[in-house]
Structures are given as structure tokens and as C-alpha cells.
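The structure under discussion appears below in the form of C-alpha cells.
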Amino acid sequence: MVNDKIGVYVCHCGGNISDVVDVYKVVKAVQNFPNVAVAKEFMFMCSDQGQQMIEDDIKELGLNGVVVASCSPHLHETTFRKVLARAGLNPFLFEHINIREHAAWAHKHDPEGATEKAIRLVRSGIAKVSKARALESIRIDMPPQILIIGAGIAGIRSALDLAKLGIEVHLVEQLPFVGGRIAQGYGAYPSGKIGTELIDELVEELKKEKSNIHLYTNAEVVSIEGFIGNFEVEIQINPRYVVKECDKFDEAIEKCPIEVLDEFNYGMTKRKAIYYPYPNAYPELPAIDMNACNKCGECVNVCGDAIDLDQKPERKKIKASIITFATGFDPYEPKEGEYGYKQFDNVVTLPQFERLLALSNGKLEYKGKEIKDVAFIYCVGSREREGEHKYCSRYCCTATINAALAANQKFGVRTFHVYRDIRTYGKYETYYEEASKNGAVFLKFSPDEPPEITQSGDKLIVKVKDQLTFGEEIEIPVDMVVLSVGMVPRKTEVVSMLRVPYSMDGFLQEVHPKLRPVETAIGGVLIAGACQAPKDTVEATASASATAAKASTYLLRGYTELDPFIVEVDAEKCTGCGDCVEECMFGSIELKDVNGEKKAFVIEATCRGCGACAGICPEEAINLRGYTYDQLRAQIDAMLEEVEE
Amino acid sequence: MSYDVMVIGGGIAGMEASLTLADAGYQVLLVEKSPSIGGKMIELSKVFPTLDCAGCITTPKMAATANHPNITIMTYCEVQEIYKEGEGKFRVKILKKPRYVKVDDCIGCQRCEIACPIFVPKEYEYGLIGRKVAYIPFEMASPRKALIDLDNCVMCGRCERACPTDAIDFLQQPEVVEEEVKAVIIATGFKPFDACLKKEYGYGRYKNVIHALEMERLLAPSRPYNWVLRPSDGKVPDRIAYVLCVGSRDKSLDFPICSRVCCMYSTKQAILFTSALPLADVTIYYMDIRAFGKGFEEFYNMAEDMGIRFVKGKVAKITEKEDGNLVVRVENIDDGTIEEEEYDMVVLSIGLTPNSEVVKAFKNVEIELDPFGFIKPVSENTNPVLTNVKGVFVAGCAAGPKDIPDSVAEANAAAIQCIDYLYEVGAKVVVR
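For the protein sequence lines, the chains are A and W, in the order given.
For what it's worth, our numbering labels the leading residue of the first sequence as 1419, then goes sequentially.
For what it's worth, our numbering labels the leading residue of the second sequence as 33, then goes sequentially.
Have a look at this one:
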């Protein structure tokens, strides 16, 4: 069986290809190749006109195979498959040949060589399509269930958007309370609201959607199996030790004799072993920190059976069609001695400073000392020349100026800003302007000569070579130095369970920043908020809603379609040796008795189409659909055929 | 035909929002005021920080939008009146401007264009070259249909005679159609800053001072001259300067905010010169380099490593020499000198200004604007696409300057908020 009427379409890619590859020569070199009915070139094959041209040719010339030579199939393979489908041709009688990355870009300085390579690649595609057969996509049901990992602002936003459509949301949070990093923030820009106020607003909505949102706090994902449409997730809900309502929790907390550093306030205050991170935290039940608790029973004396110090972890199985990561970020932790951090008492990070603002009343005090002058040092743990944090953390400039403004307005603090570039982008520029107007002093340093912090009496001295005054050395005595720390990616185990790829910067990698900004390379796995890259709340909630939008297109429709590229066994050739069963890492092949003979069978739902079994089979009895031995041999032969001048 | 959602604006944000709504099963009416969808993005060369060609990303979105069974596109149409008559009920009046070409009959063969004797500046190329009065807006237009610009037409009738399908119709009249929709998304984008307003930089007076969108066209794959040439004498420029923050962060123009994209697009253009004009020296005069998005700082570092010169300083003045060269005067903050450098060409990195006229169409409700004239998102921290009117959402640059990834994310956010709203008003999607 040979597809003998193949259309070949060579794209200029608006010069990306045609500046290097002679596309006219490619067309000429393939138009008389076996089984080619028509060969054409065009400026943008993916445009409306290009697509229309292919569609018309399929209909008018009765094509039974199509080759498009253009960019990477990652970009447009599905675009062109849809063209075939529209024209009534099976979409898998198509081969996408990448002559942009593989020819034009790889051999920029050798146009002739690039052209020859393009010809060989296109011919190989023609040969492959000539032996292709019609395939049907695998339809996967998508029951309306989703797992969202992380109940910070992004996770909650995404959960709400979907729950309102009647979709069942499993929202898993590792801490005992929701709200994530935002709850710890002081004034959020641009609304000016306190972080906990924002979370309160969302929690109010969350309560209304209780019937569709299952919230698991103190919970972690233990294992994930399956694939898009059919993820099977096991979670462990760690004990809270507080099991039901009681109106005497405040008294129980007061009676608790244990005090530990409060991580919610970045260790600047202490809390009890039974605690709320802040008033109004959600869920309303306090939690007991068993690492700190000595089981003295004081709280039980007050609250009785509302507290169960012997509560055990619980495991639960969840089904989900889609998984969204909203696992957030960590603030960069400066190294000891970095700008005096942990070396001098009054060097704190921006998140600590924000907590200090939230906790202070009347005057700004730290460790018993009033703070009147504060210096902020920017880009700590961001834009590093050496080191792993080469990226800009995006939110810190505006967040720092915003916090400085609040410190100035609330406590009359004078602020000095030691920066590299002020990146108060967009409308946030007004914060920069307002700070300058209010007397904030800005000094610019070069990364080659970073500021130095020393101590003199009860003051810290910030020594900076200020570029704005053409390199003048300035010494600023202050009461406190605030390090404007960046965001660093979290490496969580769940990410490895699903093999979600990381970007160079260590954050999770999207498929394409513009075309598919919230999807990952793993089907059915989406990313929301700052786990993808540093983002502020506005951008985090927008991206969270975008994941909900993406998920809704699957979950409202109830199904999705996957590529049909899985393996099939030729029972006549199969000798039942079982090598394939051992080779398959997904457990997708099993041996069954057929009339007394053992034969391999493929479990189609779990086959990933990796082809490992096809490679190991000594009889060539296993073929990967869309990449059969026949097709690959024809492809190689065509590629090696001489290209005449 | 009844529609669930009207999306106003067919740029990247409008297309993206439409596609998501349509994929979820809703009927979308997409109204675009110019003759083709594609917006500003289709005009661009390559896009930062991935250096993908803009056309390669935009044209398939345009095709997907045009081919989607759940999307109806009205190009060359303007939304004139919108009445909110209750939750889930908006009555809208849309003006169909006459193309003087019967769209169903036009086959896009361009014979009218060849026959037409009159040239006027081509909008799509920012006037760098001309177009005919009977014309297809640009090569990749969608729909790829002709129209006639009657203001400049001399009524010679040549196009009519050349058209093989009798598609030309000079008797077409403006027409107002009325539709009912359940929700509205505003995705009207931005207007580029008018560089003439910044008089000291001489745009409009000095021939070799151009703005960055013109440079986008000079660098684009479908570029008008297939080369970067300076306008005065067609010389290939050796020395090019970029002036950042033109029309942004400028209180003298009553526009104090930053446009978010200019630092990066200027850096990108400078990087593109390394292949377009490998010998050219490029200097970028900036106030702060704002490389804040994913991969941006790395992109900026790459530009520095490639030898692009970044100088901190706000350009005070540009003067033109007799040979067309330009002298840029600036206080160089890096070394404290007053620098006067001569360049073959100066590119003004113009900012993004509001395009909010659409709010005037809302007759019985008022859409709130922010102090700078953009549509105001009312609960930005928790839900950035809501406007003050329930059932009306905003996405992309209509709400303030932003780059393409942020616009795409917001477009999807607007789509889901819209779907949530449609559920609330009882318009659940019918699952097939």
C-alpha cells in the first residue's frame, strides 16, 4: 500500500528559512520525486492563505498524503493536521519536516549545504508519508475532576474559577492553613490591601464553593500514577491534632507552655505549639505543631475531645483528569555574611520587614530598638552574574518601594534605596515617583562594586559608590538594612513524580511562553503562579485563571484526543519470548495464551508510544504506529539518495 | 444566529480569548475595527525573549480564529452602542463600514490592486511604502479580501473592470446591525505614542529619526525593502541609536507610567541587527533597563555580551546635520560626561498609550478608566480582568501596557471569568 499522490509544501517562514535555504531549489528537487503530485513554496504556510492552498489541493487533486517543510513540529504540526482533517483527509497522512531549526538555523553560514540537507529531509518525509496509514486519535474521557497542588493565591484563584462551573476540585496544601506567601505580605500593590485581607476575600468565596472544592490542608501528594484524563493520586493528610470546633481554643493556646519561633513571621516572633498563624486564618481550627509539642495535655484539659494528640496520618486516593501546580516560590535566603545578613542584628530580608510592618503599632521597633532610617539593598539573590539566580525576580522593586512608602507613611521612617535598575514597570512607576516625592533617596550601584555594610556603634553603615553622582563614595548610617530578596524556585518531589521539566532558571517550564503559556510538556499538567517564574499577585492570579481556562476547555467538553502513536503487535510474527514485557517501563505489555501459544498484547490506554519494545523485539513483530519499520527504512533510503546539482 | 460573548478587538488578546471561549463550546462574536484581524502583533518582526518570528505565532492564531466553527468574525466593523439590559443581556449595535467589495465574491486575486492607478501611504508599513486605493491590507491579512479606500479614490473604475468576479460594489452603504450577547470582553489593545509630540527628538522633521514600530517593519520577514535602510538617502546605517522612554515615564507629556515592553523590544531589535546589519554599532540610551519577565534578564545580558552599548542617560536633544546624520546629546550617567554622538539613524522607542474609545459605546453603564486612560481593572490582586460593570471583562493592553505572554495569560483569564459569569446567568455550555 503506497500513498501515491503526495502534496509537498515548502515554507519560507518569512525569511527564517528562505534567507538561507533556497526554497525554490527544494521544490524543484522534490517535485519529480516518486509519489509526489504537487510541490509548492509559500511565504507563511501556516497562515490562512497557506492553509487554504493545502486544503484546496487536497480536494482538487485528490491528495492522499501531505508533507509540510517549515518550522518545528512543536509549533505547527497540529495546525497542519487540522488542515488535512478539514479537507477530509486522515490527519495522520502527514509529515512535518523541520527545515528551519534543522537546516536554515543550524547551517546559517552554509546556504548550499543547508539547501541540500533540506532537500534530503523533505524527500525522507515524502518517503515516510508514502508508507503511512490512516490512524485514529485515541479519545480519552475527561471527567470533571482536577487536582490543584498549593492553596496560595494562585491555587485558590484557579480552584474558584473551576468550582463555579461545577467541576470537582481537590485542593491540596502542605501547610495547615491556606494563603501561602501572600498571607505573609504587608500591603499588596496595587490595591494597597494587606495580604491577609486578600486571602480573606478569597476564603469567603471558597466557603461558598464548599460543595465542589475539597480542601486538604497539612496534606502532601505521596504518589501519582496514570496520565491525562486518568491521574490516580494518593495523598497523605497529616494530623492537625485538632479535630473539631471548640469555643475555648484561645484559652488552650494561652495555656500551652511551649514557645517556638514563628515561621509565619520569619522567626521574628514566637508562637505556641498549638497555634493560628494569624487571626482569622483558614481553616478556622488551630493546628498543633507536633515537632514542638511535648504532649503535656494542657490544651486537652481545656478543649477536651476537640483535641486528639494521638491522631494518625490518613491516606486518601483521588482521581483527577488534570493536575495544576500552584506550588509557588521561596524567598531567597541570603548567605551568612551577605550584606551583613546574620552577621549584624539589624539586617533583615524584605519579607521579614513586611512582617515587621504588619506587627508594629505606633513606632517601628526591632529587637527593642526604634528604627528611624532604613536602607534597602536591591537585587539580593537576583540578577547574579555568577551563581544560579541570573534572572530578575520581577516583583521586588515595586514591593520594596511599596513597603518603603508604607514605612514612611505609617512610622515616618526615612528610606534609602541602593539599587541597580528600578524596575517599577507599567503603572507601578507611580510608586517610584511617589517615593521620590516623599523624600526617599535613591543611589545606584554597579554589580562590580556592590555596597558594603559595616557596624559603627548602634548604627549600620552602608557604603556605596553611587553612579548617579558619578561614582561618589557615600556612607549612609541607618538603623536597619533591608535586603530586597528575590524569588527562588521550589524543587518539590511531586514535580519529579510527573517528570515536569524545569527551565534554565529552575522554575517550571511552559511549552511556549506565548502559544501555550500555562501548559507543560506533560499532557494534562498545568502551571499557575510563581512556580513558573517570579510573578506578583496580579500576574499570578491572571496565570492561575488561565490554567482554569485551559482546564475548562477539556473538562466542560468531557474528553480530549491524544496522538495515536502507540505500538501494535503482529501476532503472526510474535514468538511470545516476552522480551518486550520486560523492556516496557509502563507495564503496558502482557503475554496471553492464544490457542496454547504465548502472544504479546498491548494495553493501549497506558502505552506511551516510547517504542522501547519495538526496538527490543527480535522478530520485528512490534511496530510503533506512525513510525513503522517500513516507514523508517523508506525514510532512510530517501535521505541517502544522491542530490543532483 | 445568537452569540454568547462579544469580544471587541481582534489582536492577540482578543483572538486568544475568543479561541478559549469557543473551545469551551461558546458562540463568540469577534468585532475588529480594521480590515484584518491580527492586531499589533502581526506587524512585529521577531518577539522577545525567544526570538520567534511574530508571524509564525500570529498567523496560525489568526487562521485558527478564522476557521473555528464557534467564532464569527466581523472585520472593518465598529461597536457603536452597547446597552446592558440586565445580567447576561447586552444589546449591541455594530457599524459595518463599507469595503466597497463584496466579501463573499472577492477571491483575493489582487487584480484590482494591480489595476488601481493611485498610491497612498500603506498603514500596515507605517507609510514606509505605498499601497493602492483598492488593496488587500497586507499579505497575511485575514480575511484576505480587498477593500477600497474611497477617500482617496478617483472613481476611475479600473478596479471594477479588472475584477474577475464582479466583487466591486461602489454603492455599498454603511450598515448598522443589532445583536444580543450575554457578556463582553474588551481587548482593544493600545495606541502607539505619537512621536511628533516629543518635539525635541525631531520626529516628523528629521528624516532619519524613526520610531520603533517602523523599525519592526524594516526588520520583519515581510519587510518592505528587504533591508534596513535609512529614509533620507537609502543608506545602510552603520551607527544606530535607540532613545528609550519616548512617551513613557514622562510627566511633561502627562504620561508618567512605564510602557513595560520598550526596553525589551529595543534590546531585541538591537540583537536582530547582528544578523540584519552585522557591522552596525548600536547604542541604547536608557533610564533603567527593565528586563523583568521570564528570560528577559538573560536576554539583556546576551545583548550586552554581543557588544550592544547600553548608556544610562535621558536624551536631552537630537539635532540634524546637513548630510542627514543626527547628533544625540545626553548626560551619560555612567561616566558623568555630556555626550554628543553622531548617528546615521535614531530609533525612538515609543510607549503604549490607551485605546479606550470603546467605553463611549456603553450607553447606560459607565466603564471606569484608570488615571492614565486605560480600562480600570477593579480587583487587580485577586481577579485582574474584572471591570466595574459585571459581565464586562478586560484583557491585554486595553487595561494597561503589557507584553505578549502577559496579554495571552490575561486573555485566558478573561475567558474563564466570562465562562463563570455565563454559568451564573444560566448560560451553561451544551456538552456535545
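No residue lacks a Cβ here, since even glycine has one placed at the ideal position from N, Cα and C.
All of these numbers come straight from a predicted model, not from anything done at the bench.
Query raised in the report: Taking Cβ to Cβ, would you say residue 1898 (chain A) is nearer than 8 angstroms to residue 1798 (chain A)?
Result: Within the first sequence, numbered from 1, the residue matching residue 1898 (chain A) stands at position 480. Within the first sequence, numbered from 1, the residue matching residue 1798 (chain A) stands at position 380. No, these two residues do not count as a Cβ contact at 8 angstroms.
Query raised in the report: By Cβ distance, which residues of its chain are closer than 6 angstroms to residue 91 (chain W), with the 5 residues on each side in sequence left out?
Result: Along the second sequence, one-based indexing puts residue 91 (chain W) at 59. For residue 91 (chain W), where only same-chain residues beyond five positions count, the Cβ hits under 6 angstroms are 172.
Query raised in the report: Going along chain W in order, which residues have a C-beta closer than 7 angstroms to the C-beta of residue 1848 (chain A)?
Result: Residue 1848 (chain A) sits at position 430 when you count from the first residue of the first sequence. Within 7 angstroms Cβ-Cβ: 288, 289.
Requested in this report: Compare the C-beta of residue 465 (chain W) against all C-beta atoms of chain A and say whether one is closer than 8 angstroms.
Outcome: No answer is possible for residue 465 (chain W): the residues shown for chain W start at 33 and end at 464.
Query raised in the report: Can you give the beta carbon distance from residue 133 (chain W) to residue 181 (chain W), rounded, assuming they're within the 8 angstroms contact cut?
Result: Start at 1 with the first residue of the second sequence, and residue 133 (chain W) comes out as number 101. Start at 1 with the first residue of the second sequence, and residue 181 (chain W) comes out as number 149. With a Cβ gap of about 11 angstroms, residue 133 (chain W) and residue 181 (chain W) do not count as contacting.
Query raised in the report: With a CB to CB cut of under 8 angstroms and the five nearest residues on each side skipped, what residues in its chain are close to residue 464 (chain W)?
Result: For the purposes of this step, residue 464 (chain W) is identified with residue 432 of the second sequence, where counting begins at 1. Only weak support exists for where residue 464 (chain W) lies, its pLDDT of 46 falling under 50; the value from the coordinates is given anyway. Excluding sequence neighbours, residue 464 (chain W) sits near 57.
Query raised in the report: Closer than 8 angstroms, CB to CB, is residue 415 (chain W) near chain A or not?
Result: The count along the second sequence starts at 1 and reaches residue 415 (chain W) at position 383. Residue 415 (chain W) counts as touching chain A.
Query raised in the report: For residue 2055 (chain A), which option in A:1540, A:1856, A:1919, A:1577 has the closest C-alpha, if you only look at C-alpha atoms?
Result: Walking along the first sequence from the start, residue 2055 (chain A) turns up at place 637. Residue A:1540 is the option with its Cα nearest to residue 2055 (chain A).
Report task. Could you tell me whether the region 1734-1742 of chain A touches the region 1935-1946 of chain A, using the rule of 3 or more Cβ pairs below 8 angstroms? Result -> yes
Query raised in the report: When you compare only the Cα positions, how much space is there between residue 2057 (chain A) and residue 1509 (chain A)?
Result: In the first sequence, the residue the question calls residue 2057 (chain A) occupies position 639. In the first sequence, the residue the question calls residue 1509 (chain A) occupies position 91. Computed Cα separation, rounded: 24 angstroms.
Query raised in the report: Whole-angstrom Cβ separation of residue 1565 (chain A) and residue 1649 (chain A), contact assumed at under 8 angstroms?
Result: One-based indexing of the first sequence puts residue 1565 (chain A) at position 147. One-based indexing of the first sequence puts residue 1649 (chain A) at position 231. Indeed, because the Cβ distance is near 7 angstroms, the residues count as touching under 8 angstroms.
**Report entry** Distance between residue 1680 (chain A) and residue 1687 (chain A) (C-alpha atoms, nearest Å)
**Finding:** Walking along the first sequence from the start, residue 1687 (chain A) turns up at place 269. Walking along the first sequence from the start, residue 1680 (chain A) turns up at place 262. Approximately 6 angstroms between the Cα atoms of the pair.
Report task. State the Cα-Cα distance for the pair residue 1462 (chain A) and residue 143 (chain W), rounded to the nearest angstrom. Result -> Within the first sequence, the letter at position 44 stands for residue 1462 (chain A). Within the second sequence, the letter at position 111 stands for residue 143 (chain W). Cα to Cα, the separation comes out at about 21 angstroms.
Query raised in the report: Looking at the C-beta of residue 47 (chain W), does it have a partner C-beta in chain A at a distance below 8 angstroms?
Result: For this step, residue 47 (chain W) is matched to residue 15 along the second sequence. So no, residue 47 (chain W) is outside the interface.
Requested in this report: Determine the direct distance from the alpha carbon of residue 1488 (chain A) to that of residue 439 (chain W), and round the result to whole angstroms.
Outcome: Numbered from its first residue, the second sequence carries residue 439 (chain W) at position 407. Numbered from its first residue, the first sequence carries residue 1488 (chain A) at position 70. If you take the alpha carbons of residue 439 (chain W) and residue 1488 (chain A), they lie about 27 angstroms apart.
Query raised in the report: Would the beta-carbon of residue 421 (chain W) be found less than 7 angstroms away from any heavy atom of the ligand GDP?
Result: Within the structure as shown, the ligand GDP is missing, as the structure has no ligands at all.
Requested in this report: Give the interface partners of residue 310 (chain W) over in chain A, defined as CB-CB distance under 7 angstroms, in chain order.
Outcome: Here residue 310 (chain W) refers to the residue found at position 278 when the second sequence is read from its first residue. Within 7 angstroms Cβ-Cβ: nothing; residue 310 (chain W) doesn't reach chain A, min ~12 angstroms.
Query - Endpoints, the beta strand (DSSP E) within which residue 361 (chain W) is located - result: Taking the first residue of the second sequence as position 1, residue 361 (chain W) is located at position 329. From DSSP, the beta strand (DSSP E) with residue 361 (chain W) extends over 358-364.
Query - Identity of the residues DSSP links to residue 162 (chain W) by a beta bridge - result: Taking the second sequence and counting its residues from 1, one reaches residue 162 (chain W) at position 130. Answer by DSSP bridge pairing, in chain order: W:153.
Query raised in the report: Which value, in whole angstroms, describes the spacing of the CA atoms of residue 1838 (chain A) and residue 297 (chain W)?
Result: Locating residue 1838 (chain A) in the first sequence gives position 420, counting from the first residue. Locating residue 297 (chain W) in the second sequence gives position 265, counting from the first residue. About 20 angstroms.
Query raised in the report: Cβ of residue 1521 (chain A) within 8 angstroms of Cβ of residue 1439 (chain A)?
Result: Here the question's residue 1521 (chain A) lines up with position 103 in the first sequence. Here the question's residue 1439 (chain A) lines up with position 21 in the first sequence. A contact, by the Cβ cut-off of 8 angstroms.
**Report entry** Under 7 angstroms from the C-beta of residue 320 (chain W): neighbouring residues of chain A
**Finding:** Here residue 320 (chain W) is taken as the residue at index 288 of the second sequence, counted from 1. Neighbours of residue 320 (chain W) on chain A, chain order: 1839, 1840, 1841.
Query raised in the report: What is the DSSP secondary structure of residue 464 (chain W), reduced to helix, strand or coil?
Result: Looking up residue 464 (chain W) in the second sequence gives position 432. Caution is warranted here: a pLDDT of 46 is assigned to residue 464 (chain W), below 50, making its placement in the model unreliable, and the coordinate value is therefore given only provisionally. DSSP places residue 464 (chain W) in coil when its eight states are reduced to three.
Query raised in the report: Comparing the C-beta of residue 2060 (chain A) with each C-beta of chain W, is any distance below 8 angstroms?
Result: Here residue 2060 (chain A) is taken as the residue at index 642 of the first sequence, counted from 1. Chain W contact via Cβ: absent.
Query raised in the report: Considering only residues of the same chain and omitting the five flanking positions on each side of residue 278 (chain W), which have a CB-CB separation below 7 angstroms?
Result: Here residue 278 (chain W) refers to the residue found at position 246 of the second sequence. Once the five neighbours on either side are set aside, the close Cβ partners of residue 278 (chain W) are 225, 227, 230, 233, 380, 381, 382, 383.
Query raised in the report: What is the DSSP secondary structure of residue 1779 (chain A), reduced to helix, strand or coil?
Result: The residue labelled residue 1779 (chain A) in the question sits at position 361 within the first sequence. Coil, per DSSP.
Requested in this report: Note the first and the last residue of the continuous beta strand (DSSP E) segment covering residue 1602 (chain A).
Outcome: Locating residue 1602 (chain A) in the first sequence gives position 184, where the first residue counts as 1. Per DSSP, residue 1602 (chain A) belongs to no beta strand (DSSP E); it is in the alpha helix (DSSP H), 1598-1602.
Query raised in the report: Do the region 1659-1668 of chain A and the region 1722-1729 of chain A touch if we need at least three Cβ pairs shorter than 8 angstroms?
Result: yes
Query raised in the report: Are any of the Cβ atoms in chain W nearer than 8 angstroms to that of residue 1968 (chain A)?
Result: Counting from one through the first sequence, the residue named residue 1968 (chain A) turns up at place 550. Cβ-Cβ to chain W under 8 angstroms: yes for residue 1968 (chain A).
Report task. Taking only the alpha-carbon atoms, compute the straight-line gap between residue 1610 (chain A) and residue 1955 (chain A) and give it to the nearest angstrom. Result -> Your numbering for residue 1610 (chain A) matches position 192 in the first sequence. Your numbering for residue 1955 (chain A) matches position 537 in the first sequence. Roughly 12 angstroms separates the two Cα atoms.
Requested in this report: Using a threshold of 8 angstroms, state whether the C-beta atoms of residue 428 (chain W) and residue 221 (chain W) are closer than that.
Outcome: In the second sequence, counting from the first residue as 1, residue 428 (chain W) sits at position 396. In the second sequence, counting from the first residue as 1, residue 221 (chain W) sits at position 189. Against a cut-off of 8 angstroms, the Cβ pair of residue 221 (chain W) and residue 428 (chain W) comes out as a contact.
Requested in this report: Measure the alpha-carbon distance for residue 1470 (chain A) versus residue 147 (chain W) and round it to whole angstroms.
Outcome: The residue labelled residue 1470 (chain A) in the question sits at position 52 within the first sequence. The residue labelled residue 147 (chain W) in the question sits at position 115 within the second sequence. Cα to Cα, residue 1470 (chain A) sits roughly 25 angstroms from residue 147 (chain W).
Query - Per DSSP, the bridge partner or partners of residue 106 (chain W) - result: Taking the first residue of the second sequence as position 1, residue 106 (chain W) is located at position 74. According to DSSP, residue 106 (chain W) bridges with W:63.
Query raised in the report: Do the region 34-44 of chain W and the region 204-221 of chain W meet, that is, are 3 or more Cβ pairs less than 8 angstroms apart?
Result: yes
Query - Unbroken stretches of the beta strand (DSSP E), 3 residues or longer, contained in the region 1587-1661 of chain A - result: 1631-1634, 1637-1645, 1648-1655
Query raised in the report: Looking at chain A, which residues of the region 377-403 of chain W have a Cβ within less than 9 angstroms of any of its Cβ atoms?
Result: 402, 403
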